[in-house]
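Numbering (the numbering used here), first residue to last: 1 to 340.
Here is the structure we will look at, set down as structure tokens.
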């Protein structure tokens, strides 16, 4: 081989090496972009395994209203209903058992200024003192504190949303009730007017108190909703501010830990199938507006958690209109038990 031929071969090999490096780098960058997008959307080739079998119906209060009582129209732009993932995870929720010890219950009662002995009924420890009452369920780990509003509590001066939220979280954290789920979750403030035994929602200018709902953090980028929709399973009601115990009229705490390591993947209805099911009366109304006809302006996926224990956290479709919210199970009917 001559020197000229050797030089030509070397140039060709260098050129091939450069091309290989460019293609390899481009491919790696493209793969990382694809992986990032799929991880964010949660749609990275999830294949249904339906390991939990037929899922039980959603646990709902008997007073809930069927979606069949209303007629519907859509107003979601020219594209109509959005397109969602074809599958979603269903998470296991362990059965609560003996969560709180006697020492923990006594500590909570002391922090809430109860100096009396409790009355025990089944798994419930009930403390009563003056105009306040505390009920703690040792198995569920739930807590309900209630106090009558005093005359001095009716001054129409209420802290700002941010102040109420921050002070409530600090107060509840000191009680040992604020875990990471709630620290990272959203907070909703509803302004209230306490008038004797009546409690009404109102504008901030007329409010003498507020309800602060603390929601656990989203799962798979989907919010967790309850049958109260605007009210979480963990909420407080206060007068004026959330800094001091004296201002607390209600503390309602109910928390079912979700096992995020134990889940199964289930196929979902399309948004159009869910809307048809809603029209056919297979859904429920979480927030009625007392109208016979409703225009729906948004639809999205969420997870539903009831105040009544259920072994699974299931995805649902939420349909919203003006002062109106309806819900339909998102898993296809083939894998859903029918309510009795």
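Cβ atoms here follow ideal geometry from the backbone N, Cα and C, with glycine treated the same way.
None of these values were measured; they are calculated from a predicted model.
*asked:* Check for me: the beta strand (DSSP E) holding residue 210 runs from which residue to which?
replied: Position 210 of the chain shown, counted from the start, is the residue given in the question as residue 210. Per DSSP, residue 210 belongs to the beta strand (DSSP E) from 209-214.
*Is there at least one non-hydrogen atom of the ligand SAH closer than 8 angstroms to the beta-carbon of residue 319?*
This structure lacks the ligand SAH; in fact it carries no ligand of any kind.
_Burial state of residue 247, where buried means 16 or more other Cβ atoms lie within 10 Å_ = In the chain shown, residue 247 corresponds to position 247, counting from 1. Here residue 247 is buried. Its C-beta has 16 or more other C-beta atoms within 10 Å.
*Are the beta-carbon atoms belonging to residue 308 and residue 60 less than 9 angstroms from one another?*
Here residue 308 corresponds to residue number 308 of the chain shown, with the count starting at 1. Here residue 60 corresponds to residue number 60 of the chain shown, with the count starting at 1. Yes, the Cβ-Cβ distance between residue 308 and residue 60 is below 9 angstroms.
_Check this for me: beta carbons of residue 283 and residue 324, under 9 angstroms apart or not?_
For the purposes of this step, residue 283 is taken as the residue at position 283 of the chain shown. For the purposes of this step, residue 324 is taken as the residue at position 324 of the chain shown. No, these two residues do not count as a Cβ contact at 9 angstroms.
*asked:* Closest to residue 101 by C-alpha separation, out of 95, 109, 94, would be which residue?
replied: Position 101 of the chain shown, counting from 1, holds the residue named residue 101. With distances taken between CA atoms, residue 101 lies nearest to 109 out of 95, 109, 94.
*Any idea what DSSP makes of residue 334, helix, strand or coil?*
Looking up residue 334 in the chain shown gives position 334. If DSSP states are grouped into helix, strand and coil, residue 334 belongs with the helices.
*DSSP three-state assignment for residue 275, whether helix, strand or coil*: Taking the first residue of the chain shown as 1, we reach residue 275 at position 275. Residue 275: helix per DSSP, three-state reduction.
*When the Cα atoms are used, what is the spatial distance from residue 245 to residue 205?*
Walking along the chain shown from the start, residue 245 turns up at place 245. Walking along the chain shown from the start, residue 205 turns up at place 205. Taking the straight line from one Cα to the other gives about 24 angstroms.
*asked:* How far does the beta strand (DSSP E) with residue 129 in it extend, from its first residue to its last?
replied: To locate residue 129, count along the chain shown from 1; it is residue 129. Residues 124-129.
_Please tell me whether residue 250 and residue 235 are closer than 9 angstroms, where the distance is taken between their beta carbons._
Along the chain shown, one-based indexing puts residue 250 at 250. Along the chain shown, one-based indexing puts residue 235 at 235. For residue 250 and residue 235, yes; Cβs fall inside 9 angstroms.
*By a C-beta neighbour count over all protein chains shown, 10 Å radius and 16 as the cutoff for buried, is residue 47 buried or exposed?*
Along the chain shown, read from residue 1 onward, the residue named residue 47 stands at position 47. By the neighbour-count definition (other C-beta atoms within 10 Å, threshold 16), residue 47 is an exposed residue.
*Taking the alpha carbon of residue 261 as the point to measure from, which residue in 126, 89, 275, 74 has its own alpha carbon closest?*
Residue mapping note: residue 261 aligns to position 261 of the chain shown, counting from 1. Checked all of 126, 89, 275, 74; the closest Cα to residue 261 is 89.
_Nearest-angstrom Cβ-Cβ length linking residue 190 and residue 210, presumed shorter than 8 angstroms_ = As a first step, residue 190 must be located in the chain shown, where it is residue number 190. As a first step, residue 210 must be located in the chain shown, where it is residue number 210. Going by Cβ atoms, the distance from residue 190 to residue 210 rounds to 7 angstroms, so yes, they are a contact pair.
*Spatial neighbours of residue 200 within its chain, please: CB distance less than 8 angstroms, with the 5 preceding and 5 following residues excluded, ordered by chain position.*
Taking the chain shown and counting its residues from 1, one reaches residue 200 at position 200. Within the same chain, residue 200 has close Cβ partners 192, 193.
*For residue 326 and residue 274, believed in contact at Cβ under 8 angstroms, the rounded distance*: For the purposes of this step, residue 274 is identified with residue 274 of the chain shown, where counting begins at 1. For the purposes of this step, residue 326 is identified with residue 326 of the chain shown, where counting begins at 1. That pair is no contact at about 10 angstroms.
*Cα separation between residue 203 and residue 243?*
One-based indexing of the chain shown puts residue 203 at position 203. One-based indexing of the chain shown puts residue 243 at position 243. Taking the straight line joining both Cα atoms gives about 21 angstroms.
_Alpha-carbon spacing of residue 82 relative to residue 272, whole angstroms_ = Numbered from its first residue, the chain shown carries residue 82 at position 82. Numbered from its first residue, the chain shown carries residue 272 at position 272. The C-alpha of residue 272 is placed about 9 angstroms away from the C-alpha of residue 82.
*Compare the Cα-Cα distances from residue 220 to each of 301, 270, 240 and report the closest residue.*
Here residue 220 refers to the residue found at position 220 of the chain shown. Out of 301, 270, 240, 301 has the C-alpha closest to the C-alpha of residue 220.
_Here's a check: name, in chain order, each residue in its chain whose Cβ is nearer than 8 angstroms to the Cβ of residue 124, leaving out the five neighbours to either side._
Walking along the chain shown from the start, residue 124 turns up at place 124. In chain order, 135, 136, 137, 138 place their CB closer than 8 angstroms to the CB of residue 124, counting only its own chain and leaving out the 5 sequence neighbours on each side.
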